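*Asks:* The structure is given below, and queries will be raised subsequently.
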Amino acid sequence: MASRLVSRTAMRTALSQSVLPRQVAAASRGALIQQKNQYATETTPARPEPKAAAEALINRFPGQTLAQKSGTVLVVSSIAAYLISKEIYIIDAETFEMGCIFGAYYLWYNMGKESAAEYFKERRGTIKRVLEQAREEHKTVVQERIAHITKMDDLVDVTKGMFEMSKEIAKLEAEAYELKQKVAFTTEIKSTLDAWVRHEASIRDSQQRQLVQHVIDKIKNNLQDPRLQQQILAESVAEVDRLTKGAAA
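In numbering that gives the first Met the number 0, the protein residues as written are 0 to 248.
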């Protein structure tokens with residue numbers, strides 16, 4: 000009994016392990032098929048309806064209404080038939096070449112019209128964005144300038160205060176210059192007076208030296224006189240005698 004239970008459990012486990020990879024593979028295969036179908040649907044262009052294609056072909060002819068378009072086609076066809084029937088215009092190889100050239104131009108126009116329109120539209124959008132960005136930047140600069148000027152509302156008062164301050168500074172500078180000139184003048188006068196004092200002192204010293212020298216020379220000359228020498232000698236002897244007598248008494 001136990002062996003049967005073990006074998007059943009093992010069989011169930013094996014079956015579950017074998018079924019799980021199959022389910023995963025089936026799910027991945029279904030997702031891949033769905034992705035391929037979606038890619039094919041997205042990449043395959045939708046086939047236009049016959050009615051829409053006919054309306055697009057009719058709209059290419061000149062005219063506003065269907066009658067005008069039909070009249071234009073009939074007139075062009077009649078003119079072409081008349082020219083061909085009267086041999087005014089002969090269809091030859093050049094006609095086919097011209098038709099091929101105009102057809103190529105027409106196809107190029109139809110195929111490149113949307114791309115050119117998209118390019119010019121993108122170009123216009125780029126220019127528009129650049130202009131809008133420049134306008135926003137200019138607007139920001141103007142606003143900043145306005146804000147800066149708004150902060151200078153008291154510029155008149157500040158200017159007046161600075162003007163008064165400049166006048167006061169100029170006045171103080173003038174007074175300082177005047178005092179400086181007075182000091183320079185006083186210094187110059189003092190230096191001149193000192194020079195005169197030194198000059199007078201030097202003259203006075205010179206005169207005194209000359210006077211002393213003159214007196215000394217005169218005394219020397221007088222001492223060389225014999226009579227003066229005799230008189231001085233007599234006076235000296237008399238003075239010595241007087242002193243001697245005074246000491247003896």
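Every residue gets a Cβ at the ideal spot worked out from N, C-alpha and C, and that includes glycine. From a predicted model like this one, the values you see are computed outputs, not experimental measurements.
Under a three-way DSSP split, which group does Lys150 fall into?
*Replies:* coil
*Asks:* Can you name, in chain order, every residue of its own chain whose Cβ lies under 7 angstroms from the Cβ of Val5, other than the five neighbours on each side?
*Replies:* With a pLDDT of only 40 at Val5, under the threshold of 50, the placement of this residue in the model should not be trusted, and no figure is reported.
*Asks:* What separation, rounded to the nearest whole angstrom, lies between the Cα atoms of Lys138 and Ala173?
*Replies:* Taking the straight line joining both Cα atoms gives about 50 angstroms.
*Asks:* So, are the CB atoms of Gln229 and Leu222 less than 8 angstroms apart?
*Replies:* A distance of 8 angstroms or more separates the beta carbons of Gln229 and Leu222.
*Asks:* Please report the distance separating the alpha-carbon of Arg123 from that of Gln142.
*Replies:* 28 angstroms
*Asks:* How is Asp224 classed by DSSP in three states: helix, strand or coil?
*Replies:* DSSP places Asp224 in coil when its eight states are reduced to three.
*Asks:* Give the straight-line distance between the Cα atoms of Glu135 and Lys120, rounded to the nearest whole angstrom.
*Replies:* 22 angstroms
*Asks:* Straight-line CA distance for Gly245 to Glu238?
*Replies:* 10 angstroms
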